[in-house]
Amino acid sequence: MGTYTADIDVRFRDIDAMGHVNNAVYATYIEQARTRYFRDVLDVDISRASTVLASISIDFRSPVELAD
384 MGTYTADIDV
394 RFRDIDAMGH
404 VNNAVYATYI
414 EQARTRYFRD
424 VLDVDISRAS
434 TVLASISIDF
444 RSPVELAD
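The opening residue of the sequence shown carries number 384 in this note's numbering; numbering runs sequentially from there.
So, in structure tokens, the structure goes:
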């Protein structure tokens with residue numbers, strides 16, 4: 384399986400006091416990308432699909448900032 388990439392805009396409200404995207408926001412970004420993947424690759428309307436994200440694990444490599 385190949386790699387799927389989704390461009391997601393960083394919003395001001397996603398930024399914490401340190402100037403980085405808050406760690407909890409990454410799950411929202413992943414959900415946005417998952418929805419787009421279902422639409423773009425699988426041609427499935429995720430709102431009509433019977434899917435559940437039961438577990439998620441995120442390894443943070445570097446901070447994301449507003450300008451990224």
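Built from N, CA and C at the ideal position, the CB exists for glycine as well.
Check: Inter-residue Cα distance where the pair is Ile441 and Ala407; Outcome: 10 Å
Check: Local Cβ density within 10 Å of Glu428, reported as buried at 16 or more and exposed below that; Outcome: The sequence shown places Asp at residue 428, not Glu. Looking at its Cβ environment, which holds fewer than 16 other Cβ atoms inside 10 Å, Asp428 is exposed.
Check: Status (buried if at least 16 other CB within 10 Å, exposed otherwise) for Val404; Outcome: buried
Check: Validate contact between the region 409-426 and the region 386-395 using beta carbons, cut 8 Å, 3 pairs; Outcome: yes
Check: Residues bridged to Glu448 [DSSP beta-bridge criterion]; Outcome: His403
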